[in-house]
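**Q** Residues 130 to 348, numbered by the working numbering, are exactly what the sequence shown covers, in order.
Submitted below is the structure of interest, expressed as C-alpha cells.
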Amino acid sequence: MLPSDNDIKHCLKAYVRGNFKGQTMGKMWKFLLLYAITLPAVAAEYTQSATSFEAAVSNISTSPSYVMVTIADANTGLERQTCTTANLLAGAIHFEYGLGNDHAGLKRATELALSNTSHHFVFTKQAALDNVRIDFSPQDLDNVRAWLAPVSNQDLMAGAHPWTGRDTPYSGRRYRSAVACVLIERGLSPYMADMTGQVVVAGSKDIPVYAPAKGPVHP
C-alpha cells in the first residue's frame with residue numbers, strides 16, 4: 130500500500146532533518162522507494178567530481194551519503210567547506226526556499242542541489258544554516274587526516290572503521306563530518322548508517338566509490 134499524503138509529509142520532514150527513529154522508519158522506506166522511481170539517472174557526461182556529488186545527492190535513503198560542499202552565510206559573509214549528509218543539505222534548501230513537504234518539494238530541492246555545479250551554497254535563513262551547521266574546526270580536520278593516514282583505503286573499504294571505537298580520540302559525534310571529509314578526499318564513499326548514525330565506507334559492491342576531491346579541501 131502506498132503511503133498517504135500525511136505520511137509523505139511526515140516522512141519528508143523527518144528526512145530533511147535526519148530523524149530516522151521509531152515508527153518513522155517503516156513509512157520512510159515506502160516513501161523513499163516511491164520517490165526514488167522519479168529521480169533522473171546519473172549523467173555520464175559529468176566529470177568525476179560532479180558525478181560523485183550527484184550520486185550522493187540522488188541516494189535518497191535512510192542511510193544518506195555525505196557530500197562535500199561550501200556553506201556561505203549571506204548575513205555575515207562567512208563561508209567554509211564542510212561535509213554533511215545529502216538529506217541535511219536538501220533540508221537546508223527546503224528551509225531557504227520554503228519548499229513544500231511533498232514529492233514536488235523534495236524533487237525541487239534535489240534539482241537545486243544537482244544544478245549547483247560549484248557545490249557552493251549561499252543561505253540567508255537561519256533555519257537553513259542550522260540544518261548544515263559545522264561542528265568541527267579546521268584543526269580537527271587536520272588531526273583526523275593525520276590519524277587516518279596509516280589506514281589504507283583497502284582496509285577502510287573492507288570495514289576498518291577506527292572512528293567507531295569508544296576509546297579512540299575521534300569517536301564523538303562532532304567528528305563524524307570531519308571523518309567524512311577525509312574519506313571523500315581520499316576517493317572513498319562515506320554514508321551514514323541508519324541505525325547507529327556512524328560514518329560507514331561503501332565498498333565496490335555497495336554505493337559507488339567517489340572520485341578524489343580536487344584542490345584544497347580545507348579553509
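C-beta atoms are modelled at their ideal positions from N, C-alpha and C, and glycine is treated no differently.
All figures in this text were calculated on a predicted structure; none of them were measured in a lab.
Where do the ends of the alpha helix (DSSP H) carrying residue 271 lie?
**A** Residues 267-277.
**Q** Quick check: what's the CA-CA separation for residue 304 versus residue 227?
**A** Roughly 30 Å separates the two Cα atoms.
**Q** Kindly indicate which residue of 219, 290, 297 and 280 has the alpha-carbon position closest to the one of residue 234.
**A** Among 219, 290, 297 and 280, the Cα nearest to that of residue 234 belongs to 219.
**Q** By DSSP, does residue 195 sit in helix, in strand, or in coil?
**A** Strand, per DSSP.
**Q** Kindly list the residues whose CB is nearer than 7 Å to the CB of residue 325, restricted to its own chain and excluding five residues on each side of it in sequence; keep chain order.
**A** Cβ neighbours of residue 325 beyond the five flanking positions: none.
**Q** Tell me which same chain residues have a C-beta within less than 6 Å of the C-beta of residue 328, skipping the five on either side of it?
**A** The answer, listed in chain order, is 305, 308, 309 and 319.
**Q** Please specify which runs of the beta strand (DSSP E), each continuous and at least 3 residues long, are wholly inside the stretch 198-228, giving them in chain order.
**A** Complete beta strand (DSSP E) runs here, min 3: 208-214.
**Q** What does residue 330 pair with, by DSSP beta-bridge criteria?
**A** 319, per the DSSP bridge assignment.
**Q** Just reading off the alpha helix (DSSP H) that residue 308 is part of, what are its end residues?
**A** Run containing residue 308: 305-314, per the alpha helix (DSSP H) assignment.
**Q** According to DSSP, is residue 280 helix, strand or coil?
**A** Here residue 280 sits in coil by DSSP.
**Q** First and last residue of the alpha helix (DSSP H) that includes residue 232?
**A** Element bounds for residue 232: 232-244.
**Q** Going along the chain, which residues of its own chain have a beta-carbon closer than 6 Å to the beta-carbon of residue 214, five neighbours each way excluded?
**A** Here the set comprises 193, 195 and 321.
**Q** Count the other C-beta atoms from every protein chain shown that fall within 10 angstroms of the C-beta of residue 251, then say buried if there are 16 or more, exposed otherwise.
**A** With fewer than 16 other Cβ atoms within 10 Å, it is exposed.
**Q** Count the CB pairs spanning the stretch 234-249 and the stretch 264-273 that are closer than 8 Å, and state whether there are at least three.
**A** With the cut-off at 8 Å, the stretch 234-249 and the stretch 264-273 do not touch.
**Q** How many angstroms separate the CA atom of residue 316 from the CA atom of residue 244?
**A** Going from the Cα of residue 316 to the Cα of residue 244 covers about 22 Å.
**Q** Does DSSP classify residue 251 as helix, strand or coil?
**A** Strand.
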